[in-house]
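Participant: Numbering (the UniProt record's numbering), first residue to last: 1 to 269.
Note that beta-carbon positions come from the ideal geometry of N, C-alpha and C, so glycine has one too.
The model shown is predicted, which means the values in this text are computed figures rather than measured ones.
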Amino acid sequence: MSRRDDERTPTERPGTAPATDPWALLRTLTPARIGLGRTGNAIPMRAVLEFQYAHALARDAVHDALDTEALCRALEPLPTLRVASNAPDRATYLRRPDLGRVLAPESHAAFAGIAPAEIAIVVADGLSATGVQAHAAALVHACAAALAGFRLAPVVVATQGRVALGDDAAARLGAALCVMIVGERPGLTVSDSLGIYLTYAPRPGRQDSERNCISNIHPNGGLSAEQAARKLGWLAREAMSRKLSGVGLKDDMPAALGTQSGAPRIAGS
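Right, dumping it as C-alpha cells:
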C-alpha cells in the first residue's frame with residue numbers, strides 16, 4: 001500500500017520536482033563547508049579528502065620559507081631592504097612571538113644611510129609565507145600607487161616577522177607612518193590571505209589598539225589588492241592629516257572612492 005501524500009518527503013509529492021542538491025545555492029554564497037552529506041554514519045570520502053588537503057595547505061603556509069630574493073625581484077623597480085627578526089628559525093618564531101616583533105641586531109646596519117621618509121612599507125612572512133610569496137608584490141605595487149604624493153622608504157622585506165616588527169623597522173627609517181603587510185594565520189578555507197596594519201608614529205611598544213587593520217586580502221573571494229590599496233590610501237591620508245591611527249581613526253571611507261594617479265616618490269630619489 002502506498003504512503004499518503006502527507007507522509008512523503010517534499011520531493012516525493014506529486015507535482016514536485018525532485019531537488020538534486022538543496023544546498024547547491026547556499027554553497028555559491030559561502031566558501032564554508034556546508035551540506036556535506038553523509039555515507040552511512042560518516043561524511044563522504046570526497047569531503048574528507050578536501051578537508052585533509054585544506055589542512056595540509058594551511059600547515060604548509062605556516063611552515064614554508066619565504067623566498068626573499070624572488071620577492072625583491074617581483075617588487076622591482078621599487079628599492080628594497082632585506083632584514084630578519086630576532087627569531088633565528090621558524091620553530092623558534094612559532095614558539096616565541098616576542099622574538100618576531102623586533103629586528104635581529106645584525107639587521108640594524110641595513111637602515112644606515114637611508115634618507116628619512118614619510119611612509120615605510122614593511123612586508124613580512126607572518127603566518128602565511130605562501131600568501132606573501134604569491135600576492136605581496138602585487139599588493140605592494142598597488143599600495144605604492146595609492147600612496148602617490150608621499151615620500152616612501154625602500155620596501156623592507158622581513159623574515160620570521162610579526163606585526164610589531166614594522167614599528168621597529170619604520171622607526172629606524174624615520175617614517176611617520178608604517179604600512180605593515182603580513183601573511184595572515186591560515187584557515188581551512190583560505191591559506192594565502194594577507195593583512196595590512198597601519199600605525200601612525202611607529203615605534204617599538206605600540207599597542208594593537210593603535211593600529212588600523214585591513215584584512216582578508218586574497219584573490220579567492222577576499223578583498224582584492226586594488227580594493228585594499230584604495231582603502232589604505234584613504235586611511236593613510238586621514239592618519240597623516242589627523243596624526244593618529246587605531247581606535248581613534250574610523251574607517252569612514254566613501255563607498256565610491258576615486259583612484260589615485262601618479263607615481264610615488266622614493267626617499268633618496
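I'd like to check one pair, G183 with S128: are the Cβ atoms closer than 7 Å?
Facilitator: Counting from one through the sequence shown, the residue named residue 128 turns up at place 128. Counting from one through the sequence shown, the residue named residue 183 turns up at place 183. Closer than 7 Å, so yes.
Participant: Can you give, in chain order, each stretch of the beta strand (DSSP E) that sits fully within the region 138-170 and has at least 3 residues?
Facilitator: 155-159, all fully within the region 138-170.
Participant: Can you give me the C-alpha to C-alpha distance between I196 and L25, rounded to a whole angstrom?
Facilitator: Here residue 196 refers to the residue found at position 196 of the sequence shown. Here residue 25 refers to the residue found at position 25 of the sequence shown. Taking the straight line from one Cα to the other gives about 32 Å.
Participant: Please confirm whether V179 and R82 have their CB atoms less than 7 Å apart.
Facilitator: As a working note, residue 179 is residue 179 in the sequence shown. As a working note, residue 82 is residue 82 in the sequence shown. The answer is no: Cβ separation not under 7 Å.
Participant: With a CB to CB cut of under 8 Å and the five nearest residues on each side skipped, what residues in its chain are close to V140?
Facilitator: As a working note, residue 140 is residue 140 in the sequence shown. The answer, listed in chain order, is L75, L78, I121, V123, V155 and I181.
Participant: Per DSSP, Y197 forms a beta bridge with which residues?
Facilitator: Counting from 1 along the sequence shown, the entry for residue 197 is found at position 197. Answer is M180 and C213.
Participant: Let me know if Q133 comes out buried or exposed under the rule of 16 or more other beta-carbons within 10 Å of its beta-carbon.
Facilitator: Within the sequence shown, residue 133 is the residue found at index 133, counting from 1. Answer is buried; the Cβ neighbour count reaches 16.
Participant: Can you tell me whether DSSP reads A61 as helix, strand or coil?
Facilitator: For this step, residue 61 is matched to residue 61 along the sequence shown. Of the three classes helix, strand and coil, the one that applies to A61 here is helix, per DSSP.
Participant: Return the chain-ordered ranges of every beta strand (DSSP E) run that is complete within the region 65-122 and spans a minimum of 3 residues.
Facilitator: Runs found: 80-84.
Participant: Keeping to the same chain, check which residues put their C-beta closer than 7 Å to that of A175; ignore five residues upstream and five downstream.
Facilitator: If you number the sequence shown from 1, residue 175 lands on position 175. For A175, where only same-chain residues beyond five positions count, the Cβ hits under 7 Å are A117, E118, I119, A120, A153 and P202.
Participant: Distance check for H218 and A169, CA to CA, integer angstroms please.
Facilitator: The residue labelled residue 169 in the question sits at position 169 within the sequence shown. The residue labelled residue 218 in the question sits at position 218 within the sequence shown. Taking the straight line joining both Cα atoms gives about 25 Å.
Participant: Among the residues of its own chain, which have a CB less than 6 Å from the CB of R185, if the five just before and after it don't count?
Facilitator: In the sequence shown, residue 185 corresponds to position 185, counting from 1. So the qualifying residues of the chain are L127.
Participant: Report all residues from its chain with a CB closer than 6 Å to the CB of G246; omit the five preceding and five following residues, and keep chain order.
Facilitator: In the sequence shown, residue 246 corresponds to position 246, counting from 1. Hits under 6 Å: S209, E210 and R211.
Participant: Could you name the residues that DSSP lists as bridge partners for T39?
Facilitator: For the purposes of this step, residue 39 is identified with residue 39 of the sequence shown, where counting begins at 1. DSSP lists A42 as partners of T39.
Participant: Count the other CB atoms within 10 Å of the CB of Q160; is the residue buried (16 or more) or exposed (fewer)?
Facilitator: Numbered from 1 along the sequence shown, position 160 holds the residue referred to as residue 160. Buried, because 16 or more other Cβ atoms sit within 10 Å of the Cβ of Q160.
Participant: Can you grab the Cα-Cα spacing for the pair L198 / R242, in whole Å?
Facilitator: Locating residue 198 in the sequence shown gives position 198, where the first residue counts as 1. Locating residue 242 in the sequence shown gives position 242, where the first residue counts as 1. So the two alpha carbons sit approximately 14 Å from each other.
Participant: For T20, I'd like the list of residues in its chain whose CB is within less than 6 Å of its CB, leaving aside the five on either flank, ordered along the chain.
Facilitator: On the sequence shown, position 20 is the one that residue 20 refers to. Excluding positions up to five away in sequence, the list is empty.
Participant: Since I believe A58 is in contact with S191 (beta carbons under 8 Å), could you give me their beta-carbon distance rounded to a whole number of angstroms?
Facilitator: Position 191 of the sequence shown, counted from the start, is the residue given in the question as residue 191. Position 58 of the sequence shown, counted from the start, is the residue given in the question as residue 58. Sure, about 5 Å apart at Cβ, within 8 Å.
Participant: Going along the chain, which residues of its own chain have a beta-carbon closer than 7 Å to the beta-carbon of D67, five neighbours each way excluded?
Facilitator: By one-based count along the sequence shown, residue 67 stands at place 67. Cβ neighbours of D67 beyond the five flanking positions: Q133.
Participant: To which residues does DSSP link A124 through a beta bridge?
Facilitator: Reading the sequence shown from its first residue, position 124 is the one you call residue 124. Looking at the DSSP assignment, A124 forms a beta bridge with A158 and V182.
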